[in-house]
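Reviewing the structure listed below.
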Amino acid sequence: MNDAPASNTPRRARVRAPELVGKGGWLNTGGKEYTLADLRGRIVILDFWTFCCVNCLHVLDELRELEERHRDTVVIIGVHSPKFVHEAEHQAVVDAVERYEVEHPVLDDPELATWKQYAVRAWPTLVVIDPEGYVVAQHAGEGHAHAIETLVGELEAEHEAKGTLRRGDGPYVPPEPVATDLRFPGKALRLPGGTFLVSDTTRHQLVELAADGETVLRRIGSGERGFGADAFSEPQGLALLPDGKVAVADTVNHAIRTFDPETGEVATVAGTGKQWWQGSATSGPAREVDLSSPWDVAWWEDRLWIAMAGVHQLWTYDPATETVEAAAGTTNEGLVDGPAAEAWFAQPSGLAAAGDRLWVADSETSAVRWLDTDLVVHTAVGTGLFDFGHRDGDAAQALLQHPLGVTALPDGSVAVSDTYNHALRRYDPVTGEVSTLATDLREPSDAVLVGDEGSGDPEIVVVESARHRLTRLRLPEEAVRVESVAHRTQRAATEVGPGKLRLDVIFQAPAGQKLDLRYGPSTRLLVSSTPPELLASGDGADTDLARDLVLADGVTEGVLHVSAMAASCDDDPAIEYPACHVHQQDWGVPVRVVEGGTERLALVLAGMDEGAAQE
Numbered sequence: 039m040n041d042a043p044a045s046n047t048p049r050r051a052r053v054r055a056p057e058l059v060g061k062g063g064w065l066n067t068g069g070k071e072y073t074l075a076d077l078r079g080r081i082v083i084l085d086f087w088t089f090c091c092v093n094c095l096h097v098l099d100e101l102r103e104l105e106e107r108h109r110d111t112v113v114i115i116g117v118h119s120p121k122f123v124h125e126a127e128h129q130a131v132v133d134a135v136e137r138y139e140v141e142h143p144v145l146d147d148p149e150l151a152t153w154k155q156y157a158v159r160a161w162p163t164l165v166v167i168d169p170e171g172y173v174v175a176q177h178a179g180e181g182h183a184h185a186i187e188t189l190v191g192e193l194e195a196e197h198e199a200k201g202t203l204r205r206g207d208g209p210y211v212p213p214e215p216v217a218t219d220l221r222f223p224g225k226a227l228r229l230p231g232g233t234f235l236v237s238d239t240t241r242h243q244l245v246e247l248a249a250d251g252e253t254v255l256r257r258i259g260s261g262e263r264g265f266g267a268d269a270f271s272e273p274q275g276l277a278l279l280p281d282g283k284v285a286v287a288d289t290v291n292h293a294i295r296t297f298d299p300e301t302g303e304v305a306t307v308a309g310t311g312k313q314w315w316q317g318s319a320t321s322g323p324a325r326e327v328d329l330s331s332p333w334d335v336a337w338w339e340d341r342l343w344i345a346m347a348g349v350h351q352l353w354t355y356d357p358a359t360e361t362v363e364a365a366a367g368t369t370n371e372g373l374v375d376g377p378a379a380e381a382w383f384a385q386p387s388g389l390a391a392a393g394d395r396l397w398v399a400d401s402e403t404s405a406v407r408w409l410d411t412d413l414v415v416h417t418a419v420g421t422g423l424f425d426f427g428h429r430d431g432d433a434a435q436a437l438l439q440h441p442l443g444v445t446a447l448p449d450g451s452v453a454v455s456d457t458y459n460h461a462l463r464r465y466d467p468v469t470g471e472v473s474t475l476a477t478d479l480r481e482p483s484d485a486v487l488v489g490d491e492g493s494g495d496p497e498i499v500v501v502e503s504a505r506h507r508l509t510r511l512r513l514p515e516e517a518v519r520v521e522s523v524a525h526r527t528q529r530a531a532t533e534v535g536p537g538k539l540r541l542d543v544i545f546q547a548p549a550g551q552k553l554d555l556r557y558g559p560s561t562r563l564l565v566s567s568t569p570p571e572l573l574a575s576g577d578g579a580d581t582d583l584a585r586d587l588v589l590a591d592g593v594t595e596g597v598l599h600v601s602a603m604a605a606s607c608d609d610d611p612a613i614e615y616p617a618c619h620v621h622q623q624d625w626g627v628p629v630r631v632v633e634g635g636t637e638r639l640a641l642v643l644a645g646m647d648e649g650a651a652q653e
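Each residue of the sequence shown is one higher than the one before, starting from 39 at the first, in this note's numbering.
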């Protein structure tokens, strides 16, 4: 008898899953295209992601163990849904799939067709489809791997009993490996002897190259992802320390390591190997405090500064006291200047020390920022999360596209690795002008100044990440002229009615868990808007996941910024130390105010919006 007793079958909302469509086609399938019918009998997890998004990269890592444990019953499909124009290029998606070692099929959806069919509102979003083709859960943001693992176990038991579960090999077909000396290098550093140290990110190594920037002298690290004395996990930033060692931002290990060029020794000086979550310590002994995707490092003001991309902050590490602390940023994602403790960043990914300034490449706001010695944050170029492009001229109207690197130049200006524009740009703080130094690069992610700075003929070596090489350029006296282009993030606006708008963040604790109330409220909701005048009331932080907003008269469109967090723990009094999990996500929801628009905005953090679900 195939039917399990009704009491053992979890009852959950079910919505028929829309078909998977994407103009860019399928990757990691050996050329085969798939429909949901082809996957019937398997548990399908759709991962809506875009490769600029550090939270999406966190989710890729969260899913690796689940993917391996349930390889015969679960098919994960990445649905690549671009934010930036560059991310809509098919080759860029191909590169990203290899760069981040995505070992499941990926549907390239440059026009957001499947995103719209599933009413997705944020990167990353996970959608679980049962073996009969129904959506049974949706999760936005990070921290849901445990909940999905529990749900997968329930679905396996339920559909095994019903006879609707089909086990077997999945559709993943790995691409052919390519032989190059470097593979998606991230950052580079010129060592005192004139050689270059490069973070060979996808191969989890550091590579020392000769002064020509091409000849491999040695490799540091086993080449396998890990956290031992001979292993890294997607290393990025490099900085020379006063004692001659090199600090390494070991990004996916959430740690700061050191490498001694003389002895070859690798050591961990900050981080535990675990990712920082809201509520974790933000200062203390460096080896006891969690970090989150450190992307770059720089020595400035007697500290090692860390671009903590994973939590939109800058942290510092003090070797003298062996301590770390959060130094700038609130963890809210956006572009807000002012005192360091109040400023907002968005995936800071590049640092460069220059006298009394610490330059910052703030990638998700397509901005160049700087911190002064009074610890005040300023913006040189960039306006926020949604405007980007390639436009030179006065910095107030100039545009970048997801820059990952900044390099201080001898004249006090800064070179910007304008990654998604495939260009090297320059900002001059004296004139306030932005210009283009070079084009036709391929995803430049860092640059290193070389040559005799006093000769007036300096050169710059650019890390061309997607061409897997270092490229030497002579700095031009005059800027390169390019055609100006401006873009905005293109997502369909939600039509909302004027006046009152009910905001509901849906959170259902995973099976066997409950909200963690041991230390007070376990939920947090922060709301703001662009422009700020969009909201007459309802902005700010509180603990309730539901809130009444009031839209101001006279403002017809804008973006609602919603940040939600919920913590849940094992619901079993017999467990002395229950396991707890933090679930969190940020949304930027474009809205248009029209008569007859919706009066309720529902955002799913975890579970299903019962008001929208149908049997």
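We put the beta carbon where it would ideally sit given N, CA and C, even for glycine.
* **LEU342: first and last residue of the uninterrupted beta strand (DSSP E) it sits in** => 341 to 346
* Asked: What's the gap between the Cα of LEU541 and the Cα of ALA584?
  -> 6 angstroms
* **Beta carbon of LYS538 nearer than 8 angstroms to that of VAL600** => no
* Within its chain, find whatever has a CB closer than 6 angstroms to the CB of THR636; leave out the 5 residues flanking it on each side and keep chain order. => VAL534
* To do: Within the same chain, show all residues whose beta-carbon is closer than 6 angstroms to that of PRO548, passing over the 5 residues directly before and after it, in chain order.
  => The answer, listed in chain order, is ALA185, THR188.
* Indicate whether the contact test is met: 3 or more Cβ pairs, each with one atom in the region 342 to 359 and one in the region 377 to 396, closer than 8 angstroms. => yes
* CB contact flag (PRO299, LEU229, <8 angstroms) -> Yes, they are a contact pair.
* Would a C-beta distance cut-off of 8 angstroms place ALA217 and THR233 closer than the cut-off? -> With a cutoff of 8 angstroms on beta-carbon distance, ALA217 and THR233 are scored as not near each other.
* Short Cβ contact (8 angstroms threshold) for PRO332 with THR289 -> Contact flag set, yes.
* To do: Give me the Cα-Cα distance between VAL307 and ASP580, rounded to the nearest whole angstrom.
  => 36 angstroms
* **Segment contact flag, the region 414 to 425 with the region 502 to 510, C-beta cutoff 8 angstroms, min 3 pairs** => no
* For MET646, name the three-state secondary structure that DSSP assigns. => coil
* To do: Just confirm the distance between the C-beta atoms of ARG407 and ALA531, as a whole number of angstroms; I'd bet it's less than 8 angstroms.
  => Not confirmed; about 28 angstroms, so no contact.
* For GLN243, which of helix, strand or coil comes out of DSSP? -> strand
* Asked: So GLN351 is in the alpha helix (DSSP H); what residue range does that whole segment cover?
  -> Not the alpha helix (DSSP H): GLN351 falls in the beta strand (DSSP E), residues 351 to 356.
* Closest by CA to THR469, which one among ALA476, ASP449, LEU487? -> ASP449
* Measure from the alpha carbon of ALA277 to the alpha carbon of each residue in ARG526, TRP337, HIS242, then state which is nearest. => TRP337
* To do: Let me know if THR411 comes out buried or exposed under the rule of 16 or more other beta-carbons within 10 Å of its beta-carbon.
  => exposed
* Do you know how far the Cα of VAL245 is from the Cα of ARG257? -> Annotation: ARG257 to VAL245 spans about 5 angstroms, alpha carbon to alpha carbon.
* DSSP beta-bridge partners of LEU145 -> DSSP lists TRP64, VAL117 as partners of LEU145.
* To do: Count the other CB atoms, across all protein chains shown, that sit within 10 Å of the CB of GLY484; report buried if there are 16 or more and exposed otherwise.
  => Gly is not the amino acid found at residue 484; the sequence shown has Asp there. Counting Cβ neighbours within 10 Å, ASP484 comes out buried, since at least 16 surround it.
* To do: Answer yes if the region 354 to 373 comes into contact with the region 434 to 454, meaning at least three C-beta pairs across the two stretches below 8 angstroms, and no otherwise.
  => Taking 8 angstroms as the limit for Cβ pairs, the verdict is that the region 354 to 373 does not touch the region 434 to 454.
* What do you get for TYR615, buried or exposed, if any count of 16 or more other CB atoms within 10 angstroms of its CB means buried? -> exposed
* First and last residue of the alpha helix (DSSP H) that includes GLN623? -> It is not in any alpha helix (DSSP H) - GLN623 instead sits in the beta strand (DSSP E) that spans 618 to 631.
* Asked: Which parts of the region 160 to 223 are runs of the beta strand (DSSP E), unbroken and 3 residues or longer, counting only runs that do not cross its ends?
  -> Counting only runs of 3 or more, we get 163 to 167, 172 to 178.
* Asked: For GLU57, which residues of its own chain have a beta-carbon under 7 angstroms away from its beta-carbon, when the five flanking residues on both sides are left out?
  -> Cβ neighbours of GLU57 beyond the five flanking positions: THR73, LEU74.
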